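Notes follow once the structure below has been shown.
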Amino acid sequence: MMKKKLKTPLKGKLEEVCYNKGVSFTKKLGKTMAEEVAIRTAYITLAQLLKMENLIASGGQAKAFLADVIIQVNGEDENRRGKKLYPGDNVVIQGEKYQIVGLSAEELAEEAEKKAILERFAKSQKRLDEKNRQKRNSQSAKKAKSRSKYPSGPGSWN
17 MMKKKLKTPL
27 KGKLEEVCYN
37 KGVSFTKKLG
47 KTMAEEVAIR
57 TAYITLAQLL
67 KMENLIASGG
77 QAKAFLADVI
87 IQVNGEDENR
97 RGKKLYPGDN
107 VVIQGEKYQI
117 VGLSAEELAE
127 EAEKKAILER
137 FAKSQKRLDE
147 KNRQKRNSQS
157 AKKAKSRSKY
167 PSGPGSWN
């Protein structure tokens, strides 16, 4: 394994980039950096994290997985699949480190903007649907009136 020092250390700390079989990963002071898992809600459960990281295929497998594997949440062993993970929590699963992070202020503003756009679109669609419904009802009423002007049925055949 070759070690190469970066010309500009990230965030002022000594870091090394290791190349192993063409795959690069970063080491920080001898420890591997935690993978950041961004969440859009206030929290996620441990089972959801396992599914997001493709360690299990479904939530039902979480119980068996937790029985076989030791998972640490913020340095404490955890075996509850419903354990709530909040931004800032650190999770270690089979030697892999994950850090739960929330959305940044910029991403939150972008999400709010998207939500506002969708709400405006839904309101405009609702108005259009209501206008179309009224138009169809008035057209069908006109057709019914026009039909009633002329006699119909067996009595009119004579």
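Using my numbering, the letters of the sequence shown map in sequence onto residues 17 to 174. For glycine and all other residues, C-beta sits at the position ideal for the given N, C-alpha and C. If you're wondering where the values come from, they're calculated on a predicted model, not measured in any experiment.
Asked	Found
Compute the Euclidean distance between the alpha carbons of G118 and L101, then round it to the nearest angstrom.	11 Å
Rounded to the nearest angstrom, how far is the Cβ of M52 from that of Q115, given a contact under 8 Å?	Before going on, a small fix: residue 52 reads as Glu here, not Met. The pair is a contact, with the Cβ atoms about 5 Å apart (cut-off 8 Å).
Less than 8 Å between the CB atoms is what I'm expecting for I60 and V85, so what's the real figure, rounded?	That belief does not hold up - the Cβ atoms of I60 and V85 are roughly 18 Å apart, past 8 Å.
A58: which of L134, S120, G111, A138 sits nearest, CA to CA?	S120
Which residue marks the beginning of the alpha helix (DSSP H) containing D84, and which one marks its end?	78 to 84
At which residue ranges does the segment 51 to 131 contain complete alpha helix (DSSP H) runs of 4 or more residues, listed in the order of the chain?	62 to 68, 78 to 84
Whole angstroms are fine: how far does the CA of N148 sit from the CA of A157?	14 Å
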